[in-house]
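One gets our numbering by counting positions in the sequence shown from 1 and adding 26 to each. Backbone N, C-alpha and C define an ideal beta-carbon position, used for all residues, glycine too. Bear in mind the structure is a predicted one, so any value in this text is a computation, not a measurement.
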Amino acid sequence: MSKKDKKQKTNQKNKINYYIFAVFSVFMIASYFLNFELGNRITSNFMIFAKDMGAILPPAFVLIGLFEVWVSRESIENNFGNTSGFKKYIYAVLLAATTVGGTFVAFPVANSLYHKGANYSSIFTYVTAASLVMIPMSIMEASILGIKFTAIRIGVSLPLVIISSILLGNFFSKIDYKIPQPD
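Here it is as structure tokens:
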């Protein structure tokens with residue numbers, strides 16, 4: 027597929043996304059004027075989500091940009107790369123525990139880790155652990171369900187995450203997979 031064809035395909039996908047958002051916007055406005063209860067609840071939920079993302083994403087992307095600039099490639103290779111041994115999983119879990127914003131933030135950080143030389147298994151551990159061991163979520167869970175429950179959940183889940191990350195990382199390395207670069 028030529029670059030021109032790829033660009034046309036991307037433009038076509040973008041147009042479809044804009045049309046879908048336009049239809050959704052018309053639905054939200056029509057729901058308001060027609061007092062359609064389900065549409066109003068959908069609009070309310072969308073606005074709450076949009077507000078939350080507007081509050082989380084800008085600072086998160088600033089921090090990701092600072093991470094890109096301040097953390098050297100050598101540091102990532104030494105602590106998350108192929109030669110770092112088991113400590114890469116510990117660092118991946120610790121980094122994931124401090125990640126706020128869930129996968130909206132975890133995937134851009136994972137992309138940064140990848141481009142700075144982290145190996146696949148540490149990236150998979152980070153992304154999975156970002157949904158599993160976030161400190162605010164774990165504190166809230168422990169206060170509601172108890173510390174014992176939270177400890178058991180994390181104690182059982184983390185070894186499984188690391189094992190599956192190792193297996194998946196080995197598979198990706200074996201097939202020599204590379205993340206496609208944008209044109």
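Residue i (DSSP reduced to helix, strand or coil)
i      : result
Lys142 : coil
Pro206 : coil
Ile201 : coil
Phe53  : helix
Phe62  : coil
Ser28  : coil
Gly195 : helix
Val159 : coil
Gly181 : helix
Residue i vs residue j beta-carbon contact at 9 Å
i      : j      : result
Ala144 : Phe87  : no
Val153 : Ile82  : no
Val131 : Ala156 : yes
Ser147 : Ile102 : no
Ser164 : Thr176 : yes
Ile149 : Gly195 : yes
Ile90  : Pro162 : no
Lys41  : Ser98  : no
Tyr140 : Ile205 : yes
Close beta carbons around residue i, own chain, < 8 Å, minus the five adjacent residues each side
i      : result
Val95  : none
Gly128 : Ala156, Ser157 and Met160
Ser199 : Asn145 and Tyr146
Thr69  : Met54, Ser57 and Tyr58
Residues near residue i in its chain [Cβ-Cβ closer than 7 Å; skip 5 each side]
i      : result
Thr151 : Tyr115, Ala118, Val119, Val187, Ile188 and Ser191
Val52  : none
Ala136 : Ile149, Tyr152 and Val153
6 Å CB neighbourhood of residue i in its chain, flanking five on each side removed
i     : result
Glu63 : none
*asked:* What ranges does the alpha helix (DSSP H) occupy inside the stretch 74 to 152, keeping only unbroken runs of at least 4 residues that lie completely in it?
replied: DSSP runs (the alpha helix (DSSP H)) wholly in the stretch 74 to 152: 99 to 106, 113 to 123 and 129 to 141.
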